[in-house]
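Going by this note's numbering, the letters in the sequence shown line up with residues 3 to 1187, in that order.
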Amino acid sequence: MWDSSTAAGKPDGASARSAPAARGAAVAAAPGSEDEAAPTESGKLAPVGVALPAGGEELVLTPDAEVLRGEDTTYPVFIDPQWYSPRASAWTMASKYWASSPQWKFNGESDAGMGYCNWNYCQPHDTKRLLYRLPTSKFAGKSILSAEFVVRNTWSASCTAKSVELWRTKDISSSTTWNSQNASGFWIKQLGSRSFAHGYTGCAAKDAEFDVKAAVQEAANGKWSTMTFGLRAASESDGLGWKRFSDKAFLRVKYNRPPAQLKMSQLSMEYGGVCKRPGSAPRVRTLGKINMNGVTDPDGDNVAVQVQALWDAGDGKGLIARWKPALTSYKKSGSGFTLSLPTTIPQNKAVHWHVRSYDGAQYSPWSSAGDPTACYFVYDKTVPAAPTITSPEYPASQPDDPNDPWLDGVGQYGTFTFKSSSSDVTSYRYGINSDPTSARQLTTTGGAAQSVPFLPSKPGLNFITAQAFDAAGNGSEIRTYQFRVKAGQPERATWQLDEEAGATEAQGSTPPRTLALNGGATTGAEGTKGTALELNGTDAYASSDLSVVDTTRGFTVSAWVKLSKMPNSAAIVAAQPGNHSPSFELYYSASLDRWVFNQYETDTPNAKIIRAMAAQPGGVSANTWTHLTGSYDGVAKQLRLYVNRQLVGETALPNAWNGRRGLQIGAGTYSGVTKAFFPGAVDEVQIFDKVITQGEVNKLYAHQPVGDPGRPAVAVFPLDEEAGATEIRGHGGVLPAKYNGGVTTGVPGMAGKAAQFNGTTGYAKIGQTTGPHVNTSRSFTVSAWAKLNTAKPKSAAIIASQTGSFAPGFELYYSATYDRWAFNQYSADTADAKPVRAMQPDGTTARAGEWAHLTGVHDTVAKTLTLYVNGQKAQSVTLDKAFYADQSMLIGAGASAQTIRNFFPGTIDDVRLFARPVSAEEVQQMFRQRPLIKSRWNFEGTTAGTPTTTPDSSEEKNPLSLYGAAELGMGWIDNNALQLNGTNAYAATAKMPVDTGSSFTMTAWAQAAALPEHDMAVLSAGGANRSALEVRYHPDPKHPEGLGSWQLTVADKDNAAAGVKQLGNTEFTDVRDWNHIAVVYDGFAKEASLYVNGVLQEVACDDADGDGNADESGCQDLIAWADDVLTFKATGALQVGRAQGDSPGGYFAGSIDDVWTFQGALSENQIVKLSGSWFDMPTEVPSGS
């Protein structure tokens, strides 16, 4: 257990997570996911007593009372049991009397005897021993913190304690007998003995427990799939030692999972750029820092990193680790680390470095283990020096600073400036989260500074690289500039279209905007409407580090305020801070004795203030509610202040700038110092991304919503939280979409429900008078899921649009002329305006009857209009300008000159709007959240024909044909499975269900009929000449009776010269048991993963002394993923039970069940869900994305 204190601290120590051990167990949030809490760096840890009663149906936890009572304990307190308790998978009894007869699984009884029974109720008298096999593959490569073998002693001959021995033995089978277990060497090692007696009159039945930590650790180190334990009486001639034990033996193991292996993409060099393979080693002039980013532990433990650099110094010792700095200090999981390279690195020698992380108990695999390599470079002082990189919006990250800030944000441009000290530099090349390329180049003279705008593409750590070139094309070393970016502004509006059948409108919504309460800020005070936020005027305020509006354009802020006393200094109601000055403040000025709305001329210390305020002081009093509205007109360049709906002052603001450091209510911030606290109450704060009209001011004063007519507020903070809240929550104003004509609601959607439009009269209107939600002359994004009916329309079919008086501001639609998906805007709101269109490229078409994710992005800085289809950029075209379409929005139709037209025939789901450009990575993430089910065969029936087929339960209806002796028989999921004989039986589709050249997922359950002696194919995707991918079982050639592995092979071309990547996973107990196999290919990240039983294996070789070398010579880390993986589009069949070119010997012998394919990469949570669900699972994308 641990408390949630947040002061600086030390490593948490090793820990682990529990996993479901029985069929039907619930699936929790994946470890390390955003849904899972974890201790902070200083969270205090204490042991939790754990008892697992008989049957193993529940855990009984006994928290540390001292932690619960401690004065310095911070709530909430987390009880974090990290255990795994596998039950016996097989058991048997050995009878001396029936010495040659097996007693497999106790002959169907729930318990069996052990010891010598010479009592009258034993006929004949007999001596017996018990043996249990338990799965241990789960513990491979893990550090065992504690382990007990537990079995219930159901009966004893008396209450006199007698000794029982626990041994590790050889494996058992259904043919194990007394004679076979009595052979020399069968009883391998005694693990312990205990004296007890339970189950007799006066001594109730009870669990017997044996400490087996050392034995389970041995199994973990050896990566054993199972262990077999034997129970026998210490004296096999003492009748009082006779006992009976349950068949439900189990291990109770607490273990630590090692940190995740660092990927090459997480490593970079301050001088040298991204981590590079040996063939691309950069030459660097400067020995700067190396960066290790996003170092995580699956248990949330604190982490440290260890680095090694290797080179051949020419001393005869060869290529060895010559720089081995000490383990770093610990940081919380997810942190970044930097280290400075040593000055001892020789010039003009190939050097490579790699890194591993440590959680206090175990190391991760080295970053170079498996498919990746170490990071290579050459130190060369003759290389020109790198340029410098600076940015005011995105200052460089300082990983060693615990207060290293996250900056706003994705979708917000920043300016990056490159400058060289070399006078012969004529150009700069730069890269965005990658190395510099010739496609991104700026010309310069004499190394002068040049700037470029950059839109961060992803939340988290981003980086810019830059390289200087002279006129002869000689390049400098590469400079890397890292900065941290928050998630971008949330959706401006969403219409999920999840209403039930018969709905007349679709409700709109936005994600919440939260502000943290600081100091003496309290909720629940009396407000003008509901409750209000109470501020003490000394240290109380509410804050977020995410700004709300772009203050260079028109915007408005309004609030109801009540001073509790007349302050003697400025009292800020609301402000949007910059680096040094706020970009706006709405406040009371004590020195001027009036309400003020201002902006500073520049974001610099002591900048001049531009104020809109009443002409004369006075008129402000305490304990009186006052309504304030400050508005900036970006066209007229005017600041205006309204007090109680009256315009009291305006002033010119010729050069507005944008504050990007969040939003505050009740205080201001100046060069990082918070002050000017407001004494009193604040209520009903609303912020708009537009200049406001007098009529709208009147509405706000009357507590009426703004919108329809007009654009609603971007953020509304009612401040109606109950007393005691720790944060306040706001939301954006969104108008409902009212249905008209032929619309059917409640139909199946991509997620939940959707709306179906008839293509002739059906549409939804947002804003019955006017209701725009974005300014289409500015940057914005629109996205939706859409599915055309199988009969395509003969004219344009519009999914979403925002209308003008004549022309639409945007249209996301199907073009019948081109038979493609498209996104357009018009340059003017006139009847003769021409569209600027981005659409799918030549040779592609919109596919009817299939869901497509469509995203249109208008970026005014880049002057582009871009369409994405299913996460991939389809086309980007130039758009110099666009107009503001200020009428209504439509879903399922468009409008021209106010006439509704171009109705969409099909289904629409999850319409989203952003008031900013969305990056390609964000589009990919939106698509990833909704993988498409392309097939599911659960083998519950067949359809007669030649050949026989089994149906596809997905909407694709792509049947699987059965060949050879393939048939249906007893299965694992529901009732039946595909039965294959290993010689001529297999199944195949007529068409490939997924595009294997982009992101996809394939899963199946498989069980071998016997221990295979050769490779056997489970799944394959065929091409013209070879398989794009194959999933096989591969026996261990050195140990044919051993575990073996499941393997994935991926090829990058459809020919004999293809490059091939191969992955293996041993995270299973026995190939003869049912195992869940999942292949995930992320085409965006070019990463392939092979999950077995929900686990993506990463097991490092043991290194007890931490010297960087495996304790066991020849040990290989087990890594079940690979990056830099390319695939080709398979054009042949998906085959189940064989692969292209297989001889009959490569066919699968056994059973295969519940085969799924998805277009899109499922998340780890979703794979876990599929592997942990066995009954009545609907054909839906699993939750957990």
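Glycine included, each C-beta is placed from N, C-alpha and C at the ideal position.
Between the region 750-757 and the region 482-499, are three or more C-beta pairs nearer than 8 Å? Verdict: yes, contact present.
Can you look up residue 366 in the DSSP assignment and give me helix, strand or coil? Taking the first residue of the sequence shown as position 1, residue 366 is located at position 364. For residue 366, the secondary structure class from DSSP, reduced to helix, strand or coil, is coil.
What is the residue span of the alpha helix (DSSP H) that residue 216 lies within? Locating residue 216 in the sequence shown gives position 214, counting from the first residue. Where residue 216 is concerned, the enclosing alpha helix (DSSP H) stretches over 215-224.
Contact set for residue 1085: own chain, Cβ-Cβ below 6 Å, skip 5 residues either direction: On the sequence shown, residue 1085 is found 1083 positions in, with the first residue counted as 1. In chain order, 1000 and 1001 place their CB closer than 6 Å to the CB of residue 1085, counting only its own chain and leaving out the 5 sequence neighbours on each side.
For residue 1169, does the three-state DSSP call read helix, strand or coil? Taking the sequence shown and counting its residues from 1, one reaches residue 1169 at position 1167. If DSSP states are grouped into helix, strand and coil, residue 1169 belongs with the helices.
Status (buried if at least 16 other CB within 10 Å, exposed otherwise) for residue 321: Residue numbering aside, residue 321 sits at position 319 when the sequence shown is read from its first letter. Its Cβ having fewer than 16 others within 10 Å, residue 321 is exposed.
Going by beta carbon distance, what residues of the same chain come within less than 8 Å of residue 382, once the five residues before and after it are set aside? Along the sequence shown, read from residue 1 onward, the residue named residue 382 stands at position 380. Only 285, 286, 287, 349 and 350 meet the Cβ criterion.
Helix, strand or coil for residue 703? Go by DSSP, reduced to three states. Within the sequence shown, residue 703 is the residue found at index 701, counting from 1. Helix, per DSSP.
Between which two residues does the alpha helix (DSSP H) harbouring residue 922 extend? Locating residue 922 in the sequence shown gives position 920, counting from the first residue. Run containing residue 922: 922-930, per the alpha helix (DSSP H) assignment.
Boundaries (first-last residue) of the alpha helix (DSSP H) holding residue 180: Within the sequence shown, numbered from 1, the residue matching residue 180 stands at position 178. From DSSP, the alpha helix (DSSP H) with residue 180 extends over 180-183.
Spell out the partners DSSP gives residue 861 in its beta bridges. Reading the sequence shown from its first residue, position 859 is the one you call residue 861. Residue 861 is bridged to 866.
Would the region 434-453 and the region 360-369 be scored as touching if the rule is three or more Cβ pairs under 8 Å? For the pair of segments examined, the region 434-453 was found not to touch the region 360-369: the number of CB pairs separated by less than 8 Å stays below three.
With DSSP as the reference, identify every bridge partner of residue 1151, one or two as the case may be. In the sequence shown, residue 1151 corresponds to position 1149, counting from 1. 983.
Have a look at the DSSP bridge pairing and note the partners of residue 574. Position 572 of the sequence shown, counted from the first residue, corresponds to residue 574. Residue 574 is bridged by DSSP to 589.
Flag this pair as touching only if the region 916-930 and the region 815-829 have three or more C-beta atom pairs under 8 Å; answer yes or no. Three or more Cβ pairs closer than 8 Å define a contact, and the region 916-930 falls short of that threshold against the region 815-829.
Please confirm whether residue 924 and residue 550 have their CB atoms less than 8 Å apart. In the sequence shown, counting from the first residue as 1, residue 924 sits at position 922. In the sequence shown, counting from the first residue as 1, residue 550 sits at position 548. Contact flag unset, no.
By a C-beta neighbour count over all protein chains shown, 10 Å radius and 16 as the cutoff for buried, is residue 1074 buried or exposed? Here residue 1074 corresponds to residue number 1072 of the sequence shown, with the count starting at 1. Flag for residue 1074 reads exposed.
Anyone know if the C-beta pair for residue 681 and residue 577 falls short of 8 Å? Here the question's residue 681 lines up with position 679 in the sequence shown. Here the question's residue 577 lines up with position 575 in the sequence shown. In this structure, residue 577 does not lie closer than 8 Å to residue 681 by Cβ.
Output yes or no for whether 8 Å exceeds the beta carbon distance between residue 121 and residue 241. Counted from its first residue, the sequence shown places residue 121 at position 119. Counted from its first residue, the sequence shown places residue 241 at position 239. It is a contact, given that the beta carbons lie within the stated cut-off.
Does the region 85-97 come close enough to the region 169-185 to have 3 or more Cβ pairs within less than 8 Å? Yes, they touch.
Would you mind giving the Cβ-Cβ distance between residue 1066 and residue 1122, rounded to the nearest angstrom? I have them listed as a contact below 8 Å. Reading the sequence shown from its first residue, position 1064 is the one you call residue 1066. Reading the sequence shown from its first residue, position 1120 is the one you call residue 1122. Rounded, the Cβ-Cβ distance is 7 Å, consistent with contact.
Collapsed DSSP secondary structure at residue 603 in the structure displayed: Locating residue 603 in the sequence shown gives position 601, counting from the first residue. If DSSP states are grouped into helix, strand and coil, residue 603 belongs with coil.
Closest Cα partner of residue 1127 within the set 1093, 1036, 1061 and 402: Counting from 1 along the sequence shown, the entry for residue 1127 is found at position 1125. It is 1061.
Just checking my contact of residue 1162 with residue 934 at CB under 8 Å: how many whole Å lie between their CB atoms? Looking up residue 1162 in the sequence shown gives position 1160. Looking up residue 934 in the sequence shown gives position 932. About 6 Å; that satisfies the 8 Å criterion.
For the putative contact between residue 739 and residue 766, defined by C-beta atoms under 8 Å, what is the C-beta separation to the nearest angstrom? If you number the sequence shown from 1, residue 739 lands on position 737. If you number the sequence shown from 1, residue 766 lands on position 764. About 4 Å; that satisfies the 8 Å criterion.
For residue 291, I'd like the list of residues in its chain whose CB is within less than 8 Å of its CB, leaving aside the five on either flank, ordered along the chain. Stepping through the sequence shown from its first residue, residue 291 is reached at position 289. The residues 271, 272, 340, 341, 342 and 343, in chain order, have a CB closer than 8 Å to that of residue 291 in the same chain once the five nearest residues on each side in sequence are set aside.
If you reduce the DSSP assignment to three classes, tell me which class residue 1066 lands in. As a first step, residue 1066 must be located in the sequence shown, where it is residue number 1064. Of the three classes helix, strand and coil, the one that applies to residue 1066 here is strand, per DSSP.
Could you pull the DSSP bridge partners for residue 670 from this structure? For the purposes of this step, residue 670 is taken as residue 668 along the sequence shown, with counting starting at 1. Note: residue 670 is bridge-paired with 677 in the DSSP secondary-structure output.
Would you check if the distance between the CB atom of residue 133 and the CB atom of residue 258 is smaller than 8 Å? Counted from its first residue, the sequence shown places residue 133 at position 131. Counted from its first residue, the sequence shown places residue 258 at position 256. Contact flag unset, no.
Sequence ranges, beta strand (DSSP E) only - wholly within the region 780-857, length at least 3: The region 780-857 contains these whole beta strand (DSSP E) runs: 782-790, 799-805, 810-817, 822-828 and 837-841.
Under a Cβ-count criterion, where at least 16 other Cβ atoms within 10 Å of its own Cβ denotes burial, should residue 1039 be classed as buried or exposed? Walking along the sequence shown from the start, residue 1039 turns up at place 1037. By the neighbour-count definition (other C-beta atoms within 10 Å, threshold 16), residue 1039 is an exposed residue.
Should residue 432 be labelled buried (16 or more other beta-carbon atoms within 10 Å of its own) or exposed? Residue numbering aside, residue 432 sits at position 430 when the sequence shown is read from its first letter. Residue 432 should be labelled buried.
Below 8 Å, can you find three or more Cβ-Cβ pairs linking the region 697-712 to the region 650-658? Because the criterion of three Cβ pairs below 8 Å is not met, the region 697-712 and the region 650-658 do not touch.
Quick check: what's the CA-CA separation for residue 35 versus residue 1048? By 1-based counting over the sequence shown, the position of residue 35 is 33. By 1-based counting over the sequence shown, the position of residue 1048 is 1046. Low local confidence applies: a pLDDT of 33 at residue 35 is under 50, so the model's placement there is unreliable, and no value is given.
Please specify which runs of the beta strand (DSSP E), each continuous and at least 3 residues long, are wholly inside the region 535-575, giving them in chain order. Counting whole runs of 3 or more residues, the region 535-575 contains the beta strand (DSSP E) stretches 543-546 and 557-565.
Exposure label - residue 1171; buried when at least 16 CB within 10 Å: In the sequence shown, residue 1171 corresponds to position 1169, counting from 1. Here residue 1171 is buried. Its C-beta has 16 or more other C-beta atoms within 10 Å.
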